[in-house]
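Trainee: Mind having a look at this structure? Questions to follow.
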Amino acid sequence: MKQYDVVIVGGGIHGAGVLQAAAAAGHSALLIERRGLASGTSSRSSKLIHGGLRYLESGQFALVRESLRERAIHLRIASQLVELKPFYIPVYRDTRRRPWQLKIGLWVYALLGGFDASSRFGSVPKDEWSTLDGLETRGLDAVIRYYDAQTDDALLTRAVVQSALSLGAELAMPASFTRAALTDDGVTVTYSEGAVAVQCSARVLVNAAGPWAPRVAGSIEPAIPIPGVDLVQGTHIVLPFKVTAGIYYVESPADGRAVFVMPWNGGTLIGTTETPYRGDPDMVQPLPEEEEYLLAVARHYFPAFRHLTREHITQRFAGLRVLPAANEAAFDRSRETIFSTDRLSKPRVLGIYGGKLTGWSASAAHVMARIGASLPDRPRRAGTDELILRRPA
Ligand SMILES: Cc1cc2nc3c(=O)[nH]c(=O)nc-3n(C[C@H](O)[C@H](O)[C@H](O)COP(=O)(O)OP(=O)(O)OC[C@H]3O[C@@H](n4cnc5c(N)ncnc54)[C@H](O)[C@@H]3O)c2cc1C
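All residue numbers for the sequence shown refer to the numbering used here, where the first residue is -1 and numbers rise by one.
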């Protein structure tokens, strides 16, 4: 039976990040992914590497500060994959958040980002509104511009795995985790590659299975604690009309929620929704009413979209957020990553629940700190902040 320091279940951005961090720290590490890299949530996000301006409203300052720090790191180490883009917030007579409120928010955002070059913001002069992709100007009071970053989430995930493999990490794919048994100082892991059942041992098993994480945790014996989480579906649609000036951050005319309208692969990506989800994570798919909700946003702000219907949608996808279980609306719940271990001292299992694409590297560093005492000392191979991520072929 092969022995690893760390075995990771799930080839999304979190699993990729932990694989890279473990390999960089000199550990033997195996990633088990049952379908394809980023085949789950990590190809169905809004594709933003951002601080999350709106999280300031719910007081998640630590999260915003960490995310802005991660954005700065991405712009340095993943410049082929992460691009700084202008974001536009149009403010109409009936928009809930007024220009002065937005500017206070952006000032705090800049402060948390350390007032670096990407922290600049201001109003777009009225004589430049015509450059904004035909944005509706009736009732428009102001357009606020600031900067954040966009990526290709699936390519980013593959780039991180590629980096980990170049440091000696291993990948089993397609391979499905089936069960694990805890021993005194580790875990015996069973996974299937086709019809073949394979067993290996790990000092630590990292459960990075995203929305499937509770299911993976439930296949570990003896039973370990599983944090209470809810799944919330987020849908995006792509329309065959191109916005080019940047990313628009608008309020849904239906309920005032923030929605992004973004250039994407020659079309326009619009998202997202927040629909409670109680089904099988494998079965999640966009609902007709979510598509109508997003179309209504596009039609409201861009006259050029007004004739478009669901038949014009060229691509649609839904992903599942993993949020702490609570009664409040999904929009207001913490976006902090939840880390859960089987025991406080020398954990054998660590689960990653929720979190953000933007924070993958900080999350991976946190995981390594939490499981450090369970792992043998090894000579470090690299520091993850210095590893350049290249666009996969
Ligand atoms: C709609 C939406 C929009 C978002 N937008 C943003 C954004 O713009 N910016 C941002 O920073 N964050 C965003 N997020 C959050 C971000 O996308 C997620 O935090 C992140 O992608 C989660 O990655 P993960 O690795 O935890 O899970 P996943 O990407 O879901 O990966 C889990 C993997 O586990 C695999 N797996 C499951 N079971 C098994 C098994 N038994 N054996 C082997 N493999 C298994 C799956 O195949 C999958 O590949 C968004 C999330 C959603 C839902």
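Glycine residues also receive a C-beta, built at the ideal position from the N, C-alpha and C atoms.
#1: Please confirm if L29 has its CB atom under 8 angstroms from at least one CB of chain B.
#2: On the three-state DSSP scale, how would you describe E134?
#3: Give me whichever residues DSSP pairs with F329 in a beta bridge.
#4: What distance in whole Å lies between the Cβ atoms of G244 and K83, which are believed to be in contact at a cut-off of 8 angstroms?
#5: Leaving out five residues before and five after A173 in sequence, what residues of the same chain have Cβ atoms less than 8 angstroms from its Cβ?
#6: Rounded to the nearest angstrom, what separates P284 and P345 at their Cα positions?
#7: Where do the ends of the alpha helix (DSSP H) carrying W98 lie?
#8: E68 and S372 - do their beta-carbons sit closer together than 8 angstroms?
#9: Counting Cβ pairs closer than 8 angstroms, one from the stretch 261 to 271 and one from the stretch 226 to 240, do we hit at least three?
#10: For F175, list the residues DSSP reports as bridge partners.
#11: Could you spell out the range, first to last residue, of the alpha helix (DSSP H) harbouring S164?
#12: Could you check what DSSP says for T93 in three-state terms: helix, strand or coil?
#13: Look at the alpha carbon of P286 and the alpha carbon of R308, and state the distance between them as a whole number of angstroms.
#14: Alpha carbons only, please: which of I102, K240, A211 is nearest the one belonging to F175?
#15: Could you name each continuous alpha helix (DSSP H) segment of 4 residues or more that falls completely within the stretch 328 to 374, going from the start of the chain to the end?
#16: Which residue from Y107, L130, V141 puts its Cα closest to that of V122?
#17: Shortest alpha-carbon distance to E384 belongs to which of F239, Y90, A162, A207?
#18: Quick one: grab the DSSP three-state call for D125.
#19: Would you mind reading off the limits of the alpha helix (DSSP H) that contains P212?
#20: Below 7 angstroms, is the gap between the Cβ of A206 and the nearest heavy atom of ligand 1?
#21: Indicate the three-state DSSP secondary structure (helix, strand or coil) for P279 in the structure shown.
#22: Do V365 and P209 have their CB atoms nearer than 8 angstroms?
#23: Given the structure, does R42 come close to ligand 1, in the sense that its CB is under 7 angstroms from one of the ligand's heavy atoms?
#24: Given this structure, state the Cα-to-Cα distance separating R94 from A380, to the nearest angstrom.
#25: Out of curiosity, what's the CA-to-CA distance linking F59 and G50?
#26: So is the beta-carbon of R32 under 7 angstroms away from any non-hydrogen atom of ligand 1?
#27: Should P279 go down as buried or exposed, given a rule of 16 or more other Cβ atoms within 10 Å for buried?
#28: Run the CB neighbour count on T335, radius 10 Å, all protein chains shown included, and call it buried at 16 or more, exposed below.
#29: What three-state label does DSSP hand H12 in the structure shown?
#30: Classify T149: buried if its beta carbon has 16 or more other beta carbons within 10 angstroms, exposed otherwise.
#31: Return helix, strand or coil for V236, following the three-state DSSP convention.
#32: For ligand 1, I want to know if W262 counts as a neighbour, meaning its beta carbon is within less than 7 angstroms of at least one of the ligand's heavy atoms.
#33: Give the straight-line distance between the Cα atoms of G38 and A179, rounded to the nearest whole angstrom.
#34: Please report the distance separating the alpha-carbon of A392 from that of F329.
#35: Tell me whether T307, by its Cβ, gets closer than 7 angstroms to a heavy atom of ligand 1.
#36: Can you name, in chain order, every residue of its own chain whose Cβ lies under 6 angstroms from the Cβ of I47, other than the five neighbours on each side?
Mentor: With the structure as the only source:
#1: This model lacks chain B altogether; it includes just one protein chain.
#2: Here residue 134 refers to the residue found at position 136 when the sequence shown is read from its first residue. For E134, the three-state secondary structure derived from DSSP is coil.
#3: Locating residue 329 in the sequence shown gives position 331, where the first residue counts as 1. For F329, which the question treats as bridged, DSSP gives no partner whatsoever.
#4: To locate residue 83, count along the sequence shown from 1; it is residue 85. To locate residue 244, count along the sequence shown from 1; it is residue 246. With 8 angstroms as the limit, K83 and G244 qualify as a contact, their Cβ atoms being about 5 angstroms apart.
#5: Against the sequence shown, residue 173 aligns to sequence position 175. Taken in chain order, the residues that qualify are I30, E31, R32, Y189, S190, E191, V196.
#6: Taking the first residue of the sequence shown as 1, we reach residue 284 at position 286. Taking the first residue of the sequence shown as 1, we reach residue 345 at position 347. Approximately 38 angstroms between the Cα atoms of the pair.
#7: Position 100 of the sequence shown, counted from the first residue, corresponds to residue 98. From DSSP, the alpha helix (DSSP H) with W98 extends over 97 to 110.
#8: Mapped onto the sequence shown, residue 372 falls at position 374. Mapped onto the sequence shown, residue 68 falls at position 70. No, the pair does not count as a contact, with Cβ atoms beyond the cut-off.
#9: Counting C-beta pairs with one atom in each stretch, the stretch 261 to 271 and the stretch 226 to 240 have three or more that are closer than 8 angstroms, which means they touch.
#10: Mapped onto the sequence shown, residue 175 falls at position 177. Its beta-bridge partners are Y189.
#11: Within the sequence shown, residue 164 is the residue found at index 166, counting from 1. Run containing S164: 151 to 164, per the alpha helix (DSSP H) assignment.
#12: Taking the sequence shown and counting its residues from 1, one reaches residue 93 at position 95. Three-state DSSP puts T93 in coil, outside helix and strand.
#13: Position 288 of the sequence shown, counted from the first residue, corresponds to residue 286. Position 310 of the sequence shown, counted from the first residue, corresponds to residue 308. Their Cα atoms are separated by approximately 8 angstroms.
#14: Here residue 175 is taken as the residue at index 177 of the sequence shown, counted from 1. With distances taken between Cα atoms, F175 lies closest to A211.
#15: As far as the stretch 328 to 374 is concerned, its whole alpha helix (DSSP H) runs of at least 4 residues are 358 to 369.
#16: For this step, residue 122 is matched to residue 124 along the sequence shown. For V122, the nearest C-alpha among the options comes from V141.
#17: What you label residue 384 is simply residue 386 of the sequence shown in a count that begins at 1. A check of alpha carbon separations from E384 across F239, Y90, A162, A207 identifies A162 as the nearest.
#18: Here residue 125 corresponds to residue number 127 of the sequence shown, with the count starting at 1. Helix, per DSSP.
#19: On the sequence shown, position 214 is the one that residue 212 refers to. Note, P212: alpha helix (DSSP H), 211 to 215.
#20: On the sequence shown, residue 206 is found 208 positions in, with the first residue counted as 1. At least one heavy atom of ligand 1 is nearer than 7 angstroms to the Cβ of A206, so yes.
#21: Translated into positions along the sequence shown, residue 279 becomes position 281. Helix, per DSSP.
#22: Here residue 365 is taken as the residue at index 367 of the sequence shown, counted from 1. Here residue 209 is taken as the residue at index 211 of the sequence shown, counted from 1. For V365 and P209, no; Cβs fall outside 8 angstroms.
#23: For the purposes of this step, residue 42 is taken as the residue at position 44 of the sequence shown. Answer for R42: yes, Cβ within range of ligand 1.
#24: Residue numbering aside, residue 94 sits at position 96 when the sequence shown is read from its first letter. Residue numbering aside, residue 380 sits at position 382 when the sequence shown is read from its first letter. Roughly 48 angstroms between the two C-alpha positions.
#25: To locate residue 59, count along the sequence shown from 1; it is residue 61. To locate residue 50, count along the sequence shown from 1; it is residue 52. Between the alpha carbons of F59 and G50 lies a distance of about 10 angstroms.
#26: Position 34 of the sequence shown, counting from 1, holds the residue named residue 32. It does: the Cβ of R32 is within 7 angstroms (strictly closer) of some heavy atom of ligand 1.
#27: Taking the sequence shown and counting its residues from 1, one reaches residue 279 at position 281. It counts as buried.
#28: Locating residue 335 in the sequence shown gives position 337, where the first residue counts as 1. Counting the other Cβ atoms within 10 Å of the Cβ of T335 gives 16 or more, which makes it buried.
#29: Position 14 of the sequence shown holds residue 12. Reduced to three states, the DSSP call for H12 is helix.
#30: If you number the sequence shown from 1, residue 149 lands on position 151. Burial check for T149: the Cβ neighbour count within 10 Å reaches 16 or more, so the residue is buried.
#31: Taking the sequence shown and counting its residues from 1, one reaches residue 236 at position 238. Looking at V236 - three-state DSSP - the assignment turns out to be strand.
#32: Residue mapping note: residue 262 aligns to position 264 of the sequence shown, counting from 1. W262 Cβ: outside cutoff for every heavy atom of ligand 1.
#33: Translated into the one-based positions of the sequence shown, residue 38 becomes position 40. Translated into the one-based positions of the sequence shown, residue 179 becomes position 181. Taken atom to atom, the span from the alpha-carbon of G38 to that of A179 is near 25 angstroms.
#34: Nothing about residue 392 can be reported from this structure: the residues present for the chain run from -1 to 391 only.
#35: Counted from its first residue, the sequence shown places residue 307 at position 309. Every heavy atom of ligand 1 is 7 angstroms or more from the Cβ of T307, so no.
#36: Here residue 47 refers to the residue found at position 49 of the sequence shown. Hits under 6 angstroms: R69, H72, V80, A147, T149, T356.
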